[in-house]
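Beneath this line is the structure, given in structure tokens, with notes to follow.
Numbering (the UniProt record's numbering), first residue to last: 1 to 670.
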């Protein structure tokens with residue numbers, strides 16, 4: 001009687017199976033029913049959808065683009081700028097839109113605002129320090145005069161750098177990818193406990209063994225080693241960083257909800273079936289359907305199956321997961337991570353492009369730049385990188401307000417050895433964030449050009465020397481008795497010139513309605529006596545006077561020849577609008593062959609070389625004259641309409657402007 005009571009106590013009756021099972025396996029048996037129910041629900045969902053759920057695999061760029069556009073139609077909150085762009089012939093009034101006039105701010109832009117407060121000051125401080133110690137290579141910082149802290153200019157600059165630790169950390173946190181670490185070069189003499197990969201792998205351009213009580217000078221031989229090692233390490237770290245970021249991308253499409261759910265349920269079902277297969281006799285005999293009882297046997301290996309069941313319970317008690325459970329947990333974790341990325345993307349797109357007018361401008365920009373396919377592919381297949389670039393404004397025009405700001409997110413220096421990062425995974429080796437974005441666009445836009453790798457310092461120098469080796473004497477018809485270069489040249493004859501390739505126009509023929517303007521650089525260097533650098537290998541050791549005339553005189557001669565030549569070409573010649581720029585820009589006058597000298601006498605030379613300020617002033621002048629066919633956006637500025645006349649521009653620069661990369665980015669979107 002006691003044995004029978006004990007047997008009944010250890011048994012549990014399942015109403016769904018209509019049979020008794022071991023009480024120790026009740027929890028596993030209930031889980032089996034739960035997994036079975038999930039499987040039936042998912043199978044019914046798949047059948048009802050007629051196999052409409054796509055497999056968890058990436059699409060081709062073309063298919064990704066269609067996937068993005070179809071997702072836009074299904075999700076009303078989706079604001080991606082790749083919607084079908086239809087140019088509007090009417091005038092769009094967006095200036096009074098309250099949501100558009102208020103600029104969206106995210107973590108990247110908050111860090112950029114903080115960094116911009118003293119970024120220009122730090123760049124100026126470094127340039128002044130380099131000039132003071134006669135260091136002419138921008139990649140070299142002056143070394144300490146003594147190892148002990150003192151009040152010398154070098155230590156003062158080092159203290160300024162250390163005071164920006166919080167700026168560096170906030171900027172790094174905003175632009176870093178998962179798994180990356182913050183580092184700096186604030187204490188370069190203690191590299192053992194630093195995350196900085198450059199401290200122990202790069203030779204100092206100053207060499208070794210110098211005294212700490214005298215002024216150090218860069219050595220040409222060590223500078224060559226410094227350049228080579230930096231280039232190699234940059235390439236290695238870029239390749240490794242890109243590989244790691246690619247591996248972090250979600251394995252399944254974040255825009256399809258059903259696929260991960262099916263995988264989780266299938267893995268859960270497989271796990272339960274595995275348990276049932278290796279459990280005791282009662283578990284092994286669970287029927288697939290209610291009411292169908294298989295024959296039972298009491299003569300099977302009950303002790304062995306009981307041990308398996310007890311071991312499974314023990315593993316659950318101590319938190320040890322089976323391989324199937326780990327696979328389920330990993331799938332759920334990946335799905336939740338992808339869901340978080342998707343929500344962040346949708347929120348960022350909705351905040352950046354809140355209305356139809358803004359989305360239309362962004363779509364037109366992506367179309368003109370040739371980035372539609374790449375951006376659609378990123379969003380569908382590489383959403384982690386898409387989100388990072390989206391937050392940095394890579395997919396939209398440059399805001400007009402940035403042109404007059406001393407510093408913004410496109411003017412930040414990239415210093416790999418100092419920990420000042422860029423935006424993309426392969427940011428090392430670029431001078432600033434504008435150059436990084438420019439090459440990213442050039443390398444990913446549609447067209448036959450292919451990948452355009454940024455030439456490193458040594459490649460640039462070698463290309464320049466090869467180019468100068470091709471210089472020849474100008475042809476006889478180049479000579480002019482009143483040529484400024486001929487009159488003010490301090491040596492006999494002309495210098496050798498690298499002959500340009502034949503000019504091939506890619507624009508449509510000029511029509512009378514075209515608007516032609518002149519944009520002139522009037523920065524301080526336009527009035528400098530021309531100098532040329534002296535090199536010892538790749539190290540600039542000083543400068544020598546050149547025999548060329550001043551750049552302002554050359555610019556005036558070019559403008560005069562241009563006006564005289566075009567006066568006979570234009571039908572109604574009244575002159576050309578002249579806009580000057582340095583640190584700021586202004587409209588000078590409408591110049592022609594009669595008032596050029598008087599206008600030139602009023603031009604003031606001085607300031608920096610910010611071509612974007614002049615470009616925005618030129619656009620403002622142009623669109624004010626043709627406002628009836630154009631629209632104005634409070635963030636992106638003037639937008640040309642189908643009937644807006646073409647703007648033709650003669651640009652005269654003294655070398656390369658500090659924001660030349662931003663200007664090239666702007667031209668790509670025209």
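In this text, a Cβ means the ideal position worked out from N, Cα and C, and glycines have one as well.
N- and C-terminal bounds of the beta strand (DSSP E) containing residue i
i           : result
residue 581 : 576-581
residue 396 : No beta strand (DSSP E) holds residue 396; DSSP gives it neither H nor E.
residue 21  : 19-22
residue 590 : 585-591
residue 648 : 647-652
residue 255 : Careful: residue 255 lies outside any beta strand (DSSP E) and carries neither H nor E.
residue 637 : 637-639
Whole-angstrom distance between residue j and residue i, CA atom to CA atom
i           : j           : result
residue 508 : residue 626 : 20 Å
residue 498 : residue 468 : 7 Å
residue 171 : residue 557 : 46 Å
residue 472 : residue 129 : 39 Å
residue 503 : residue 353 : 40 Å
residue 142 : residue 569 : 55 Å
residue 14  : residue 326 : 29 Å
residue 654 : residue 134 : 23 Å
residue 426 : residue 226 : 20 Å
residue 678 : residue 193 : Within the shown structure, residues of the chain are numbered from 1 to 670, placing residue 678 beyond reach of any answer.
residue 417 : residue 606 : 33 Å
residue 506 : residue 229 : 42 Å
residue 119 : residue 109 : 14 Å
residue 479 : residue 496 : 13 Å
residue 150 : residue 157 : 11 Å
residue 19  : residue 36  : 17 Å
residue 632 : residue 203 : 52 Å
residue 389 : residue 186 : 29 Å
residue 575 : residue 475 : 31 Å
residue 709 : residue 549 : The first residue shown for the chain is 1 and the last is 670, placing residue 709 beyond what the model contains.
residue 518 : residue 104 : 35 Å
residue 406 : residue 111 : 16 Å
residue 195 : residue 663 : 36 Å
residue 613 : residue 521 : 11 Å
residue 29  : residue 200 : 60 Å
Limits of the unbroken alpha helix (DSSP H) element including residue i
i           : result
residue 171 : 165-175
residue 613 : 611-625
residue 569 : Premise fails: residue 569 is in no alpha helix (DSSP H) and is neither H nor E.
residue 440 : 433-444
residue 632 : Residue 632 -> not in any alpha helix (DSSP H); beta strand (DSSP E) instead, spanning 631-633.
residue 242 : 220-248
residue 149 : That residue, residue 149, is in no alpha helix (DSSP H); it is neither H nor E in DSSP.
residue 186 : Note, residue 186: premise wrong, no alpha helix (DSSP H); not H, not E.
residue 108 : 107-132
residue 599 : 596-601
residue 661 : 660-668
8 Å CB neighbourhood of residue i in its chain, flanking five on each side removed
i           : result
residue 567 : 573, 592, 593
residue 223 : 137, 140, 205, 537, 538, 539
residue 514 : 645, 646, 647, 648
residue 432 : 410, 411, 412, 413, 414, 661
residue 387 : 341, 344, 345, 348
residue 408 : 112, 116, 402
residue 652 : 518, 519, 520, 521, 555, 558, 559
Nonlocal neighbours in the same chain, by C-beta distance under 6 Å from residue i, ignoring five residues either side
i           : result
residue 470 : 498
residue 220 : 536, 537, 539
residue 454 : 439
Own chain residues within Cβ distance below 7 Å of residue i, not counting five before or after
i           : result
residue 630 : 623, 638, 639, 640, 641, 644
residue 524 : 605, 606, 607
residue 153 : 129, 132
residue 237 : 197, 428
residue 234 : 416, 428, 429
residue 162 : 186
Short CB-CB distance (under 8 Å) between residue i and chain D
i           : result
residue 578 : The displayed structure is made up of one protein chain only, and chain D is not part of it.
Quiz item: Are three or more beta carbon pairs between the segment 594-612 and the segment 369-380 nearer than 8 Å?
Solution: They do not touch, by the three-pair rule.
Self-check item: Entirely enclosed beta strand (DSSP E) segments - the segment 463-542, minimum 3 residues
Solution: Runs of the beta strand (DSSP E) inside the segment 463-542: 515-521, 531-536.
Quiz item: Counting Cβ pairs, one atom from each stretch, are 3 or more of them under 8 Å apart for the segment 477-493 and the segment 618-634?
Solution: They do not touch, by the three-pair rule.
Practice problem: Decide yes or no for the touch test of the segment 355-368 against the segment 391-400: beta carbon pairs closer than 8 Å, at least 3 of them. | Solution: These segments touch.
Quiz item: What runs of the alpha helix (DSSP H), each 4 residues or longer, lie entirely inside the segment 349-417?
Solution: Along the length of the segment 349-417, whole alpha helix (DSSP H) runs at least 4 residues long occupy 356-369, 372-381, 383-391, reported in chain order.
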